[in-house]
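Residue numbers (our numbering), protein chains in the order written: chain D, 403 to 799; chain H, 403 to 799.
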């Protein structure tokens, strides 16, 4: 019998308790012994099936030698950070879905876990139930990872899908997402690219082996995206997708950012719709592989946490290869990355050609929408200086 | 310094040596020490970069205590089976891409590995460089796996893509695949569903925890697929894809088979083209997740082998959760599975309706092509008995 604790009984925490109960047979077969939730840390006691297990005193977990793994689903940094450190210091494995904590403090917490000879695992922090981090660090371990990019936020992808399919404006699509429970009352973390930004930081940390500071990563969401651009690019054979992207540069260089992109309709990411997520990983031996599925939700995310609990117990003494160095040097401004750009301007094709030379026109209808030749972001911004710009986006590939 | 041996120096074996050399820095960083190929087993000595390492005597590997991992890329059963057993008995980890050996003898070899306290790993046997088996057994360990299905053979998917895109006949598309090196002179294993069949057996073994005997698994390829059906279903909103499919049934029941299917064009598998593979896994908590990438090729497959070498060394003493029981009972005839069916008959819509009641017509043009309501394969066959059948395929979903 292995006993664990859950900290926080929100959606994911409740899901962890449910998965442990509902899939007890599968878990016991793989683990070789039963798994049991012994203690649940809450701020306020509530009635329900886990009432007997609840405590509001973290020391009940910290000082309980029978608890070998702690699942942290508190979220945010403050209490989650404090309790995670104390749990690791008490020699317990910690498993989490908390992307903010991993993105900001993961390097330090992994170093602490290493010092204490335990695991700190966080598969559920990126892609919910979709296996991404283990395949990246383990199955692709013999690769140099050159790029990771993908659709990392289901809420904004749902909104974009509604805009494309039904011609809904952003505001209406957001309201619909909120009614369906896909977006929160304050949707900022989702629609402003912050959630995707934390995830691309974690992916970049693991892919390149060095810390990427979320504060260095430009995060642009879809709040200012115009339905007009969605429609123009669609007619031109593209879909607008919010992508997080991390690219290896020569030496220790690397960059990462979140922004809406034009994705060619034949690209596998173009057909990733609704709340689905997909992560592409490009390794120098494997080429591109994609991981696809529902990126959020109680049971998928919880099942990834429980799999990490099992992994933490089985990877004895610990998984050494999951970690990265604290050094943040070598992080470059993503505006140095080259690629094609989409512009919509209040101006003519002649204006566009004067600024950019050769362009590919997507629409001329009182405004001009066009694609440039490959340019760095800095070059694109500079050459566009004299134009009355209405929209600007990167083109993938 | 960790020393390994490679058995067989064909495409994958050569790739393993290349990956070890080219990605030495990445491998050393993750492994904590350098990895070196010490010995290569060949049948006939050849000049080339690995001439110094070659031996034609397996005992040079078997008796060399410095060799901790053996990569078997001989293929087939005979010698590969014999040497794998001897290497495991000598206390060496064994890693392979040999799907035939794993499908036929995996259960026995895993039991032997367990007895000797070493790992037998075979991520590369399914999906080449695409991480599939580890995510299935490890990241989804907290799920009950209910179904696994996918495009498991790149050669036949390439041929189908040519038939759809360019209207090529099977014979011409096959010749094109052979010219490009995607299909062998004897293409039987690829186009007759045998390669996909071995892979679905391995997936079913791991997903359901019990042996699936390849001899029990009906394997139907694309050799008899008519271009006419490809075109009819395409106009109806479907793509023809060769799928391997394994389904959990109540109790210890399970079934598996390989056959061409109609895949709705909005399904993620419909857009998997050319030599790409994709595997869908449905877990009771995670829902459906998909793994996508190039399913073959020297470097992708080799990099998966090298990742397994690293995993074998790091998973100390061994990965207990990779394995299955020898019991083959409970395997059901896939003809008991229910679903919609596509038929093309030399007959009228009245004939179709007389046999099946409600049908959905796809084409009436001197023949009648239609979809039935959900039926088991046995029911579909029985109801179609009086019809002059020209084609019959399952519809996915």
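Backbone N, C-alpha and C define an ideal beta-carbon position, used for all residues, glycine too. Everything numeric in this text was worked out from a predicted model, so none of it was measured.
Any chain D beta carbon closer than 8 Å to residue i
i: residue 696 of chain H; result: yes
i: residue 688 of chain H; result: yes
i: residue 509 of chain H; result: no
i: residue 666 of chain H; result: no
i: residue 532 of chain H; result: yes
i: residue 693 of chain H; result: yes
i: residue 871 of chain H; result: Look at the range of chain H in this structure, 403 to 799, and you will see that residue 871 of chain H is not part of it.
i: residue 519 of chain H; result: no
i: residue 552 of chain H; result: no
i: residue 616 of chain H; result: no
i: residue 408 of chain H; result: no
i: residue 403 of chain H; result: no
i: residue 786 of chain H; result: no
i: residue 603 of chain H; result: no
i: residue 451 of chain H; result: no
Beta carbon of residue i nearer than 8 Å to that of residue j
i: residue 761 of chain D; j: residue 752 of chain D; result: no
i: residue 797 of chain D; j: residue 743 of chain D; result: yes
i: residue 724 of chain D; j: residue 503 of chain D; result: no
i: residue 700 of chain H; j: residue 475 of chain H; result: no
i: residue 594 of chain D; j: residue 623 of chain D; result: yes
i: residue 408 of chain D; j: residue 470 of chain D; result: no
i: residue 358 of chain D; j: residue 532 of chain D; result: Since the displayed chain D opens at 403 and closes at 799, residue 358 of chain D lies outside it and no answer follows.
i: residue 794 of chain H; j: residue 771 of chain H; result: no
i: residue 647 of chain D; j: residue 610 of chain D; result: no
i: residue 489 of chain H; j: residue 472 of chain H; result: yes
i: residue 543 of chain D; j: residue 421 of chain H; result: no
i: residue 606 of chain H; j: residue 597 of chain H; result: no
i: residue 562 of chain D; j: residue 494 of chain D; result: no
i: residue 776 of chain H; j: residue 749 of chain H; result: no
i: residue 518 of chain D; j: residue 559 of chain D; result: no
Distance cut-off 7 Å: residue i Cβ against heavy atoms of the ligand GDP
i: residue 712 of chain D; result: This structure simply doesn't include the ligand GDP, nor any ligand for that matter.
CB contact check: residue i to chain H, cutoff 8 Å
i: residue 432 of chain D; result: yes
i: residue 685 of chain D; result: yes
i: residue 546 of chain D; result: yes
i: residue 561 of chain D; result: no
i: residue 435 of chain D; result: no
i: residue 549 of chain D; result: no
i: residue 702 of chain D; result: yes
i: residue 706 of chain D; result: yes
i: residue 586 of chain D; result: no
i: residue 423 of chain D; result: no
Three-state secondary structure (DSSP) of residue i
i: residue 536 of chain H; result: helix
i: residue 551 of chain D; result: strand
i: residue 438 of chain D; result: strand
i: residue 737 of chain H; result: helix
i: residue 773 of chain D; result: strand
i: residue 483 of chain H; result: helix
i: residue 433 of chain H; result: helix
i: residue 760 of chain H; result: coil
i: residue 667 of chain H; result: coil
i: residue 443 of chain H; result: strand
i: residue 624 of chain H; result: coil
i: residue 633 of chain D; result: helix
i: residue 504 of chain H; result: helix
i: residue 646 of chain H; result: strand
i: residue 790 of chain D; result: coil
i: residue 512 of chain H; result: helix
i: residue 407 of chain D; result: strand
i: residue 781 of chain D; result: helix
i: residue 469 of chain H; result: strand
i: residue 528 of chain D; result: coil
i: residue 414 of chain H; result: helix
(Q) For the segment 688-708 of chain D against the segment 547-566 of chain D, do three or more pairs of beta-carbon atoms, one drawn from each stretch, fall closer than 8 Å, so that the two count as touching? (A) yes
_Does the segment 664-683 of chain D come into contact with the segment 476-496 of chain D, if we say contact requires no fewer than three beta-carbon pairs (one atom in each stretch) closer than 8 Å?_
The segment 664-683 of chain D is not in contact with the segment 476-496 of chain D.
- Tell me the start and end of each unbroken alpha helix (DSSP H) in the segment 672-753 of chain H that is at least 4 residues and wholly inside, in chain order. 700-716
Quiz prompt | Segments assigned beta strand (DSSP E), at least 3 residues, entirely inside the segment 534-622 of chain D | solution = 547-553
| request: Tell me, please, whether the segment 632-639 of chain D touches the segment 601-612 of chain D by the rule of three or more beta-carbon pairs shorter than 8 Å. | output: no
(message) Across the segment 507-521 of chain H and the segment 446-453 of chain H, are there enough close Cβ pairs to call them in contact, namely three or more that are closer than 8 Å?
(response) The segment 507-521 of chain H vs the segment 446-453 of chain H: no contact.
Does the count of Cβ pairs from the segment 729-737 of chain H and the segment 559-569 of chain D closer than 8 Å reach three? no
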